[in-house]
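So the structure is just underneath, and the comments pick up after that.
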Ligand code: GBH
């Protein structure tokens, strides 16, 4: 069997994307507003005008959702905690919301009832709005590191007896780049200095909270902690030195920005060259803190790009991203989102690259596919998601080869996503779920891919 006995498989979700809606109104639940509430209330920001307070009503339906996870045969489930649900204003001196704390207690207990291991993401983008207003959120390193660490500590104390798998952050690149450079995620800034300040704060917040866990909680709670980064394979357009360099620059600007400081002890050279003094420098104390702050490499990965020199996007290392090779062939097949084409061979190259460069066990924490046209066909057709099955089959076969033939130490696979959900600035339009969500009744219906995954892991995890 290619996958180890303790291999974790399951589905991933995030608080802002699934919790809201239903009878348990957000107001009644005591959650404070996050930067995504404000962003949703800003006209024109969300493609279909939908709002984080009405998504999948998971708050009301968590018991049914966990029962469904069990039925699909997972051994683990990745979800995130909404910071403003448990500390409505977010700060270290602000009151906690016991009702919110209780919700995650209940969810964890329900998962454990079925022997499903919880994996908690502490931050999947829903910053308390109050902290954005008070001091600029991630732009204020000193304040945010203290508040984030206080919040993380509360979670370790409250849930660490039962949760043994922790992620400090989901995709810091998106927070810094989409949130503060492209302006397409909350808080919607478009600056060419802020993203690298924000990135630095995120790194230090990650390391401070992780070190706290490792010193004060791990000895008794015996869990593991790390960070998860987004990244995709970059294939140079041809073997010209400029394009080979462009592909590496893109990898540095997307993945190395966070991974190099954590695992190798410095920012990538190419970022220093590109940004000059817009890239902050680490103090010796910060470097020491970052060292050994992530016990594994958490990877979210979706697609592959064909890369050429000559772009302008600094968050992509000024590389030009495409899907067409120099022979005029378009790689993979389309999804419903323009940044995402399904390219099975790319995932094997990508995790082999991560394994060789960073030498850490790899946890895939997200991988998934929004089937084209799925949002405009009725449910009884949407649930027969052949192209999504083809996506998972292709990617998982390549991951299996990476384990068996390239010696990659792969420890988990979480499909994105459990349910069709709120896809950030694209609203409820793209359907990423392996389970269909009816947004009127909140009824869930597993698609063929959900059953396919259960069968695949049954056959590929060592008994
Ligand atoms: C993940 O983000 C998120 O963790 C998850 O919440 C989300 O629902 C899921 O994937 C599906 O999108 O936008 O042209 O600059 C992945 C986010 C979006 C990051 C695309 C990189 C790259 C191209 N990725 N983005 S572009």
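Numbering (the numbering used here), first residue to last: 1 to 463.
Yeah, the Cβ is synthetic: ideal placement off N, Cα and C, and Gly gets one too.
Treat the numbers as computed from the prediction; the structure is a model and nothing was measured.
8 Å Cβ cutoff met for residue i and residue j
i, j, result
"residue 76", "residue 15", "no"
"residue 402", "residue 396", "no"
"residue 213", "residue 297", "no"
"residue 436", "residue 445", "yes"
"residue 210", "residue 319", "no"
"residue 19", "residue 58", "yes"
"residue 139", "residue 194", "yes"
"residue 100", "residue 29", "yes"
"residue 69", "residue 116", "yes"
"residue 476", "residue 143", "The question about residue 476 has no answer here: the residues shown for the chain are numbered 1 through 463."
"residue 217", "residue 156", "yes"
"residue 201", "residue 145", "yes"
"residue 237", "residue 299", "no"
"residue 167", "residue 112", "no"
"residue 447", "residue 385", "yes"
"residue 61", "residue 124", "no"
"residue 245", "residue 309", "yes"
"residue 91", "residue 154", "no"
"residue 398", "residue 1", "no"
"residue 78", "residue 301", "no"
"residue 11", "residue 74", "yes"
"residue 31", "residue 118", "no"
"residue 257", "residue 355", "no"
"residue 54", "residue 21", "yes"
"residue 178", "residue 191", "no"
"residue 66", "residue 135", "no"
"residue 454", "residue 72", "yes"
"residue 203", "residue 241", "no"
"residue 312", "residue 323", "no"
"residue 291", "residue 265", "yes"
"residue 497", "residue 263", "The structure shown does not extend to residue 497, since the chain is modelled only from 1 through 463, so no value can be given for it."
For residue i, the first and last residue of its enclosing alpha helix (DSSP H)
i, result
"residue 251", "241 to 251"
"residue 359", "Neither: residue 359 is in no alpha helix (DSSP H) and is coded neither H nor E."
"residue 220", "218 to 221"
"residue 416", "Note, residue 416: premise wrong, no alpha helix (DSSP H); beta strand (DSSP E) at 410 to 416."
"residue 12", "From DSSP, residue 12 is part of no alpha helix (DSSP H) but of the beta strand (DSSP E) over 8 to 12."
"residue 103", "98 to 113"
"residue 201", "194 to 212"
"residue 270", "269 to 275"
"residue 394", "386 to 406"
"residue 289", "284 to 290"
"residue 515", "Any question about residue 515 goes unanswered here, given that the chain covers just 1 to 463."
"residue 36", "35 to 40"
"residue 72", "58 to 72"
Nearest-angstrom Cβ-Cβ length linking residue i and residue j, presumed shorter than 8 Å
i, j, result
"residue 351", "residue 408", "5 Å"
"residue 421", "residue 185", "Incorrect: roughly 15 Å between the Cβ atoms, too far for contact."
"residue 294", "residue 199", "Contact flag wrong, Cβ pair sits at about 15 Å."
"residue 129", "residue 38", "5 Å"
"residue 434", "residue 412", "16 Å between Cβ atoms; not a contact."
"residue 321", "residue 305", "4 Å"
"residue 442", "residue 40", "Incorrect: roughly 19 Å between the Cβ atoms, too far for contact."
"residue 315", "residue 259", "The Cβ separation is near 15 Å, so there is no contact."
"residue 126", "residue 83", "6 Å"
"residue 431", "residue 463", "Wrong, their Cβ atoms sit about 34 Å apart, outside the cutoff."
"residue 49", "residue 427", "7 Å"
"residue 389", "residue 345", "With 8 Å as the limit, residue 389 and residue 345 do not qualify as a contact, their Cβ atoms being about 18 Å apart."
"residue 197", "residue 159", "Contact doesn't hold; Cβ gap of about 31 Å is too wide."
Residue span of the beta strand (DSSP E) that contains residue i, given as start and end
i, result
"residue 321", "319 to 322"
"residue 235", "233 to 236"
"residue 119", "117 to 121"
"residue 170", "165 to 170"
"residue 446", "444 to 446"
"residue 436", "435 to 437"
"residue 77", "76 to 80"
"residue 297", "297 to 300"
"residue 489", "Beyond the ends of the chain as shown, which are 1 and 463, falls residue 489; an answer cannot be given."
"residue 262", "It is not in any beta strand (DSSP E) - residue 262 carries neither H nor E in the DSSP assignment."
"residue 229", "224 to 230"
Check: residue i C-beta below 7 Å from any heavy atom of the ligand PLP
i, result
"residue 269", "Looking for the ligand PLP in the displayed structure turns up nothing; the ligands present are the ligand GBH."
Cutoff 8 Å: residue i Cβ touching any chain C Cβ
i, result
"residue 335", "The structure shown contains no chain C; it is built from a single protein chain."
Does the segment 157 to 165 come within contact of the segment 213 to 232, defined as at least 3 CB pairs closer than 8 Å?
-> yes
Validate contact between the segment 404 to 423 and the segment 366 to 374 using beta carbons, cut 8 Å, 3 pairs = With three or more CB-CB distances shorter than 8 Å, the segment 404 to 423 counts as touching the segment 366 to 374.
Does the segment 281 to 294 come close enough to the segment 340 to 349 that 3 or more CB-CB pairs lie under 8 Å?
-> no
Contact between the segment 231 to 242 and the segment 139 to 151: three or more CB pairs below 8 Å?
-> no
Cβ pair count under 8 Å reaching 3, the segment 325 to 339 against the segment 256 to 272 = no
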